[in-house]
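In what follows, a structure is listed as structure tokens, so that the remarks can point back to it.
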Amino acid sequence: MKRKLNILQIIGMTHRGGSGASAAILAKKLVERGHRVIYVCNKNSLGYELLSKTDAILIASVVMSNRKRLTIKFIKQFLKDISQIRKIIDEEKVDVLHVHCSPEYWIGALAHKLSRQKPVFVRTRHIPIPVKKKFINSYLFNKTDRVITASELIRKNYFNNKGYDESKLITIYDGVDCRKFNPNVCGEEIRKEFNIKDGEFLIGNIGRLEKVKGHSFFLQSIGEVAKKIQNIKVVIVGWRDNKFKDEDMEEMEKIIKEKGIEGRVIFAGFRNDVEKIMAAIDLFVLSSIGSEGSSRATFEAMAMAKPCVVTGVGILPELIEDGVNGFLIPPENPHLMAEAILKLIEDKNKAKEFGLASYRKVLSNFTDEIMVEKTINLYYKMLEERGIES
């Protein structure tokens with residue numbers, strides 16, 4: 001029987017989606033399996049909130065601000081973080097050092113170099129932007145035992161640059177908690193809250209408010225749909241990113257007015273009950289024009305057997321196969337999005353077929369149990385390669 005591991009995870013993200021959520025869920029599952037997890041994060045992060053109810057050792061830090069200007073204050077904090085992480089590695093006899101984003105990648109690498117313990121060092125890359133061929137990136141990669149990529153697209157983007165060892169890259173998809181997100185969750189409470197009448201078709205768009213999420217194109221498509229289908233409503237769920245300016249919101253409000261869909265669109269803001277909102281909707285639409293390194297909202301919609309209409313960016317073509325478990329459309333194309341939405345409103349059997357196909361795909365490939373099992377096996381494999389007893 002393999003021994004339980006001491007795992008140090010570091011995540012600097014403060015927002016509640018994307019890589020921050022992925023890291024927190026992984027840490028929670030590792031704790032549930034009996035591993036000792038030390039989790040360094042911002043006190044305002046989802047990870048701190050989620051893991052405060054577990055046996056994880058939480059260390060609150062302002063770690064790894066994403067600031068790019070090299071101020072004296074930033075440099076002092078950077079050096080302090082390196083010292084703190086190095087101390088944790090040695091005093092806690094860390095077996096695995098796992099970092100998630102670029103700033104803590106540097107801090108982890110330098111702390112690892114200065115430590116006596118020398119744990120295996122792994123980084124997860126969550127974004128689909130190709131890695132630039134720079135000396136500093138090559139240096140970090142060479143100091144890393146493995147890089148986990150959240151999608152095949154991210155993994156392949158490493159290969160666009162010669163000099164990266166393919167064997168050090170492995171794709172492990174994010175996992176969804178199917179105990180929380182499943183077709184049996186009831187959404188009636190939400191439909192009452194949003195005043196959705198019997199027979200009304202509710203379309204959900206879930207993701208932070210940011211231009212890259214393509215909400216303007218989504219609203220334009222709803223304008224087209226509303227010309228043909230009267231009994232539709234839309235709920236847009238997500239916190240407002242600091243990159244999302246007042247003029248961006250004004251643009252969305254202008255589209256709503258121009259398309260005559262006032263009263264049909266509900267802005268729900270950030271919610272802690274996304275599973276209930278997913279249960280309440282009849283169709284999930286993701287209108288992103290870029291990014292989508294892992295697309296947690298799409299995983300969750302699939303787990304709840306919801307028919308999906310998504311754009312073909314980032315990881316999405318790996319999750320949704322056009323015409324098999326949803327519709328995959330080009331980004332920034334409101335007309336094609338409207339056509340796909342109309343098809344699923346009008347063909348309930350097709351919508352149900354897509355939803356069930358997505359549900360089966362999640363159970364086979366994308367649960368949190370599958371994700372944590374693959375990650376733990378990778379940890380043990382790296383330790384064995386180092387000749388460390390596991």
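Mapped onto full-length UniProt numbering, the consecutive letters of the sequence shown carry residue numbers 1 to 390. Note that beta-carbon positions come from the ideal geometry of N, C-alpha and C, so glycine has one too.
If you measure between the beta carbons of residue 200 and residue 231, is that distance less than 9 Å? Yes.
Between residue 150 and residue 315, is the Cβ-Cβ spacing less than 9 Å? Against a cut-off of 9 Å, the Cβ pair of residue 315 and residue 150 comes out as a contact.
Mapping the DSSP letters down to three states, classify residue 155 as helix, strand or coil. When DSSP states are grouped into helix, strand and coil, residue 155 belongs to the helix group.
By the 10 Å Cβ neighbour count, where 16 or more other Cβ atoms means buried, how is residue 186 classified, buried or exposed? With fewer than 16 other Cβ atoms within 10 Å, it is exposed.
Contact belief for residue 278 with residue 300 at Cβ below 8 Å, rounded distance in angstroms: That belief holds up - the Cβ atoms of residue 278 and residue 300 are roughly 6 Å apart, short of 8 Å.
Where the beta strand (DSSP E) through residue 8 begins and ends: It spans 6-10 - the beta strand (DSSP E) in which residue 8 sits, taken as one unbroken run.
Classify residue 71 as buried or exposed, calling it buried when 16 or more other Cβ atoms lie within 10 Å of its own Cβ. That one is exposed.
If the criterion is Cβ atoms closer than 9 Å, does the pair residue 215 and residue 229 meet it? Result no, Cβ atoms of residue 215 and residue 229 do not sit closer than 9 Å.
Grouping DSSP H, G and I as helix and E and B as strand, with all else coil, what is residue 98? Residue 98: strand per DSSP, three-state reduction.
What are the start and end residues of each continuous alpha helix (DSSP H) run of 4 or more residues lying completely inside the stretch 186-248, in chain order? The alpha helix (DSSP H) runs of length 4 or more contained entirely in the stretch 186-248 are, from start to end of the chain, 188-193 and 215-228.
Count the CB pairs spanning the stretch 33-53 and the stretch 311-326 that are closer than 8 Å, and state whether there are at least three. Contact between the stretch 33-53 and the stretch 311-326 is absent, because fewer than three Cβ pairs lie under 8 Å.
To the nearest whole angstrom, what separates the beta carbons of residue 225 and residue 342, a pair I think is in contact under 8 Å? Sure, about 6 Å apart at Cβ, within 8 Å.
Check for me: the beta strand (DSSP E) holding residue 426 runs from which residue to which? The first residue shown for the chain is 1 and the last is 390, placing residue 426 beyond what the model contains.
Reducing DSSP to helix, strand and coil, say where residue 88 ends up. If DSSP states are grouped into helix, strand and coil, residue 88 belongs with the helices.
Pull up the CB-CB distance for residue 23 and residue 296, whole angstroms please, since I reckon it's below 8 Å. Going by Cβ atoms, the distance from residue 23 to residue 296 rounds to 12 Å, so no, they are not a contact pair.
Using a Cβ-Cβ cut-off of 7 Å (strictly less than) and excluding sequence neighbours within five positions of residue 58, which residues of its own chain qualify? For residue 58, where only same-chain residues beyond five positions count, the Cβ hits under 7 Å are 39, 48, 51 and 52.
Residue 284: which of 33, 354, 94 and 139 sits nearest, CA to CA? Closest option to residue 284, judged by alpha-carbon separation, among 33, 354, 94 and 139: 354.
Provide the residue span of the alpha helix (DSSP H) that contains residue 141, from first to last. From DSSP, the alpha helix (DSSP H) with residue 141 extends over 135-142.
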